[in-house]
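In my numbering, the protein residues as written are 157 to 558. Even for Gly, the Cβ is constructed at its ideal location relative to N, Cα and C. Working notes for the structure below.
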Amino acid sequence: ILTSDPITISQIEAIARQKLSDNVYNYYSCGADDQTTLERNQADFDRWGFSISIVSKIRPLIILVLPRVLRDVSQVDTSTELFGYRFPFPVGVAPSAMQRLASPEGELDVARAAASMGINLTLSSNSTTSLEDVMSARHQIGKETAAPFWFQIYLASDLDLSVPLIKRAEEAGYEALVLTVDTPVLGNRINERQTPLILPEGLHLANIQKNGAKGSRKPSFNREIMDARTAKQANDLMQAAGSTANSASLTWSSTIKFLRQTTDMKIILKGIMAPEDAQLAVECGTDAIIVSNHGGRQLDGVPSTIQALPGIVDVAKGKIPIILDGGIRRGSDVFKALALGADFVLVGRPALWGLAFNGREGVEAVMNILERELSRTMALAGTAKVGDICSAFLRYTEGGRL
Ligand code: FNR
């Protein structure tokens, strides 16, 4: 049901769907290939993991919050601390490219919403507003309320070419550099390929290209690679783009060292799914990891992030902060992620739906809904503090006895 005063994220998405053109909606909403992982990310907050029963049938496990009662929840406090900063609630905005496709002010409106609510935001390096302008929007709202902003980057294969952008982010006042590590090549996004998205006149990738200037890498570069009919053709295109293409040759040993030498910002790796990689991230001294499958847009068929989380918690909990994104649409999803060991979560598409629905106010509406739902879930589950949310509140069942 469409309403002018939506009260859930899914209602806001329905409005955004109506407002956006097919090619923009498809670009924002789609996952890769058969979109199995995209679907899993959301569904697994209810249907988490699988158990093999004695008769060898694979049955879905249902994840349930088991509420406790009579525990004084008159003062629910959703705030949480990360890197020494107290956030009003444990949800930030994930980096997503080209937000001016959703509304004219795009990234500026997301920044204004985040700054006014004290929410953490990560700006995509592929934004349609420059990182400096986004930071000015944050300052205009007022430094008292604004939370730290982070900057997301893809490294070029010639690492030195990435240095100026990293320095600009540091200079502008971004607190952390979020290196996305799940994109050595772009995932195969079918919907996006079938309704190609071309940046309209007047929009450009503002951190990477000067307005109107000819760069060695066109904004359509990623699409051309995605559309290459043979692997050789794709390789040739990457070669032709040379050192300016996103690097597919990064390794653990060189990458973190390079970033540490280049910047004093905190270093966060985004796109960790395997416990072994979480272990390496801890050993290499990264400041935090983001458990993410890029919202199901990269390798299809990988686990949902909520399913991958416990294995990562086993190796990294208490050593570095564990952040999760993918499929979070309700406050109870945030509760479940925290109960399974995440310290903080991010939302990608919900912010875009909010932006398309009603600019800055739409993003604020999305974040208010999540905060309110988390607070209500905490009260109903019987926990008044974020730090008390733990696995004792969860049960798994095949549908029978808990
Ligand atoms: C993304 N994401 C992404 N990630 C990144 O590191 N750099 C980027 O530029 C983008 N761009 C981008 C565009 C769009 C349209 C989407 C939907 C996503 C991935 C994003 O940061 C995040 O991992 C997912 O969006 C999280 O999943 P949900 O919350 O969208 O389900």
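Residue i: CB within 8 Å of a non-hydrogen atom of the ligand FNR
i	result
VAL334	yes
MET534	no
LYS232	The question names Lys, but residue 232 is Val in the sequence shown. Not so, every heavy atom of the ligand FNR lies at least 8 Å from the Cβ.
PRO223	no
PRO356	no
MET254	yes
TYR552	no
VAL503	yes
TYR183	yes
ARG486	no
ASP481	yes
LEU287	no
ASN197	yes
ARG453	yes
TYR330	no
ASN402	no
GLY427	yes
GLN350	no
ASN391	no
GLN308	yes
THR339	yes
ASN282	yes
LEU342	no
Neighbourhood of residue i by C-beta distance below 8 Å, restricted to the same chain and skipping five residues each side
i	result
ILE244	Going by the sequence as given, residue 244 is Pro instead of Ile. THR234, SER235, MET273, GLY274, ILE275 and GLU527, listed in sequence order.
GLU520	ALA269, SER272, MET273 and GLY510
ASP443	PHE239, ALA332, LYS422, ILE423, ILE424, ILE476 and PRO477
PHE491	VAL221, LEU530, THR533, MET534, ALA537, ILE545 and PHE549
ARG508	Note that residue 508 is Leu in the sequence shown here, rather than Arg. Excluding positions up to five away in sequence, the list reads ALA172, TYR184, SER252, GLN255 and ALA258.
Residue i burial status per 10 Å Cβ neighbour count (16 or more: buried)
i	result
TYR184	buried
LEU311	buried
THR386	exposed
PRO162	buried
PRO320	exposed
ASP489	buried
VAL225	exposed
LYS370	Low per-residue confidence applies at LYS370: pLDDT is 44, beneath 50, and the placement is therefore not dependable, though the value from the model is reported in the following sentence. Exposed, since its Cβ has fewer than 16 Cβ neighbours within 10 Å.
PRO506	buried
GLN395	exposed
ASP456	buried
GLU263	buried
SER286	buried
ALA134	Since the first residue of the chain shown is 157 and the last is 558, residue 134 is not available in this structure.
LYS439	The question names Lys, but residue 439 in the sequence shown is Glu. Its Cβ having fewer than 16 others within 10 Å, GLU439 is exposed.
GLY504	buried
TYR181	buried
SER547	exposed
ARG196	buried
SER410	exposed
ARG557	exposed
Cβ-Cβ distance between residue i and residue j below 9 Å
i	j	result
ILE423	LEU502	no
VAL266	ALA535	no
PRO251	GLN296	no
GLN463	ASP200	yes
ALA328	ASN282	no
PRO356	TYR330	no
VAL249	THR278	yes
GLN454	GLY343	yes
GLY441	ILE412	yes
LEU480	VAL447	yes
LEU217	TYR552	yes
ARG485	SER166	yes
SER313	ALA390	no
PRO466	LEU494	no
GLN198	SER460	yes
Residues near residue i in its chain [Cβ-Cβ closer than 7 Å; skip 5 each side]
i	result
ALA434	ILE428, ILE445, ILE468, VAL471 and ALA472
ASP383	ARG349
LEU393	GLU380, ILE381 and ALA384
GLY515	SER259, GLU261 and ASP265
LEU436	TRP408
LEU315	PHE414
Extent of the continuous alpha helix (DSSP H) run through residue i
i	result
ASP392	387-397
PHE377	377-383
ARG532	505-537
GLN167	165-175
Residues of its chain near residue i, where Cβ-Cβ distance is below 6 Å and the 5 sequence neighbours each way are ignored
i	result
LEU176	ALA512
ASN179	THR351 and LEU353
SER372	In this prediction, SER372 has a pLDDT of 43, which is less than 50 and means its spatial position is unreliable; nothing more can be read from the coordinates.
LEU194	GLY187 and GLY452
GLU288	ALA328
N- and C-terminal bounds of the beta strand (DSSP E) containing residue i
i	result
TYR552	550-553
ASP481	478-481
GLU237	236-238
TYR241	241-243
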